[in-house]
């Protein structure tokens, strides 16, 4: 189905932001026989028979259309991968900008399909100016309507930054994203790498975090875009009656409180069974899980620490990953469910030099700024600075719940006792020390880390049972004011 | 901690600036993602493992954190012993893909 591979040899990036296709123009094929035909691609994205062109084919290399996804009106555009590798000139960029402005004015999601070598070299600076105007349109619409990009073939230079300015980027198996292609990389740095290695699914799904979702085929990528669009466009309402039978959520945690586990089965069990869970950036910064699903029928965003990776510690990348997601959900009116099991920030020289202070601050900012309903559930533990960052009451959480065994403290009891009672422990005979430390830790847990103390302080609203968690969450969201932030979604 | 997995040889580094073509079958290098003590080694060289199986269990941040094979296959190397301290990026094990 996908055909990006055919074009790989024709991409010759000549420098940053001026990537172009210099291959000789190919004879135009019959539209019906070429799966890169933009109208064909848009037709496969939209509900059958719903496509309505917004303009005649003008040779600009872009087609923009209106249509429906799951019955909801949308605006969509697609670059023409058949002509000049899909390169965009001023005319094509204007088509895209107008489509985005139309979507923003009418409040419709905007979907972009990308297969483009970047700017049309022959047009010179005019094409760069057009692409700049297209970027400006994307930023104007940011936070007003959802913008979803699907990369179906090579997308270089301006065609890479286009998707990057939108809310979510999906990449098919043939998708490639880079500022400068393999030839320029080889010429400048001596690094020898192919397009797939430089800008394919592994590069951007795992290493860079540029791509939010990777799909095994063009059809799967388009289906993914339809599902995400449906979550935004058919958001639904919280219905407490949809809580269903109590679920034994505690069974999804290990018996041993120290043992790490994968949080994703718990996320799926908290969410509606029939709503699915669209995990975003699953392989990048995997110690934080983010994604979209439904809770009590309403589309929600989920932010969850994942203890199986890095113990679930917050670190610079995971904080940045969550920050952008929180801001996207706030801007687009998607309520947030935050599942907390976090031992703290990850210590280390690399973290500090990576800017964990700067990047961690983004998460504090994102939650404190958010006006969308946002409810926190502490399942096992929430310690230190990470406690504050994970949508605490102090940052304005709509509500914070905790399960009965949860610990909420500045640090774990054992570590705290080691500091608070250092002298007493040192004075004790060596053989007695472990027992003393354990007893002191138990006492400390009761006094300073127990969830009752957190409730008394008001930092936890209520202790809830795992079995009734779904019902309490849905009731709490349903009672919250339906608000959303008024800001764009800068690609943090 | 878990496993900063990297396909062997796929990193672009100063020392080796060539990258195998996509699609080549490559061993799974399982690396530490944070500083930790190796608490338990739960597999041996030659053991078959499925995707998601624990190879070793680390102890860090007062937690027991299993290190898992993402792809599964046969364990061809265990680079750590119980009691070792691993740093971020240290090799923990290599898992060879099971021949198709």
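Residue numbers (the numbering used here), protein chains in the order written: chain A, 11 to 502; chain B, 22 to 121. Note that the Cβ used here is the ideal one computed from N, Cα and C, for glycine as well.
To the nearest angstrom, how far is it from the Cα of residue i to the Cα of residue j?
i: residue 132/A; j: residue 139/A; result: 13 Å
i: residue 42/B; j: residue 92/B; result: Because residue 42/B sits at a pLDDT of 42, beneath the cut-off of 50, its placement in the model cannot be relied upon, and the following sentence gives the value as read from the coordinates. Those two C-alpha atoms are separated by around 19 Å.
i: residue 425/A; j: residue 84/B; result: 12 Å
i: residue 81/A; j: residue 239/A; result: 11 Å
i: residue 270/A; j: residue 94/B; result: 23 Å
i: residue 480/A; j: residue 119/A; result: 30 Å
i: residue 322/A; j: residue 299/A; result: 10 Å
i: residue 305/A; j: residue 274/A; result: 15 Å
i: residue 146/A; j: residue 195/A; result: 28 Å
i: residue 377/A; j: residue 155/A; result: 20 Å
i: residue 63/B; j: residue 78/B; result: 7 Å
i: residue 228/A; j: residue 458/A; result: 54 Å
i: residue 258/A; j: residue 415/A; result: 15 Å
i: residue 37/A; j: residue 89/A; result: Residue placement at residue 37/A cannot be trusted, given a pLDDT of 49 that sits under 50; what the coordinates show is reported in the next sentence. Rounded to whole angstroms, residue 37/A to residue 89/A spans 17 Å at the Cα level.
i: residue 287/A; j: residue 68/B; result: 34 Å
i: residue 263/A; j: residue 101/A; result: 56 Å
i: residue 324/A; j: residue 356/A; result: 6 Å
i: residue 70/A; j: residue 99/A; result: 7 Å
i: residue 405/A; j: residue 395/A; result: 12 Å
i: residue 58/B; j: residue 108/A; result: 57 Å
i: residue 118/B; j: residue 100/B; result: 18 Å
i: residue 331/A; j: residue 97/B; result: 34 Å
i: residue 90/B; j: residue 56/B; result: 19 Å
i: residue 212/A; j: residue 225/A; result: 11 Å
Classify residue i: buried if its beta carbon has 16 or more other beta carbons within 10 angstroms, exposed otherwise.
i: residue 218/A; result: exposed
i: residue 256/A; result: exposed
i: residue 294/A; result: buried
i: residue 477/A; result: exposed
i: residue 61/B; result: exposed
i: residue 108/B; result: exposed
i: residue 466/A; result: exposed
i: residue 65/A; result: exposed
i: residue 417/A; result: buried
i: residue 157/A; result: buried
i: residue 93/A; result: buried
i: residue 50/B; result: buried
i: residue 141/A; result: buried
i: residue 513/A; result: For chain A, the structure presents residues 11 to 502; residue 513/A sits outside this window and is missing.
i: residue 124/A; result: buried
i: residue 48/A; result: buried
i: residue 391/A; result: buried
i: residue 135/A; result: exposed
Please compile the residues from chain B whose C-beta is within a distance smaller than 8 Å of the C-beta of residue i.
i: residue 323/A; result: 55, 82
i: residue 424/A; result: 83
For a test of the three-state rule: what should DSSP assign to residue i, helix, strand or coil?
i: residue 50/B; result: strand
i: residue 83/B; result: coil
i: residue 375/A; result: helix
i: residue 496/A; result: coil
i: residue 214/A; result: helix
i: residue 63/A; result: strand
i: residue 88/A; result: strand
i: residue 276/A; result: helix
i: residue 389/A; result: strand
i: residue 289/A; result: strand
i: residue 461/A; result: helix
i: residue 318/A; result: coil
i: residue 178/A; result: strand
i: residue 311/A; result: strand
i: residue 435/A; result: helix
In chain B, what lies closer than 7 Å to residue i by C-beta?
i: residue 243/A; result: None at all; the shortest Cβ gap to chain B is about 34 Å.
i: residue 112/A; result: What residue 112/A touches in chain B: nothing, since even the nearest Cβ is about 38 Å away.
What does residue i touch in chain A if you count any residue whose Cβ is under 7 Å from its own?
i: residue 74/B; result: Those do not exist, as residue 74/B stays about 13 Å from chain A at its closest Cβ, beyond 7 Å.
Just to make sure I have the definition right: I need the residues of chain A whose C-beta is within less than 9 Å of the C-beta of residue i. Which are they?
i: residue 87/B; result: 269, 270, 271, 318
By the criterion of Cβ-Cβ separation under 8 Å, what are the contact partners of residue i in chain A?
i: residue 109/B; result: 358, 360
* **Residues of the stretch 245-272 of chain A with Cβ closer than 8 Å to any Cβ of chain B, in chain order** => 266, 268, 269, 270
* Asked: Residues in the stretch 299-318 of chain A with C-beta within 8 Å of chain B's C-beta atoms, listed in sequence order?
  -> Going along the stretch 299-318 of chain A in chain order, one finds 317, 318 with a Cβ nearer than 8 Å to chain B.
* Mind checking the stretch 333-359 of chain A against chain B and listing, in chain order, the residues whose C-beta falls within less than 9 Å of any C-beta there? => 353, 354, 356, 357, 358
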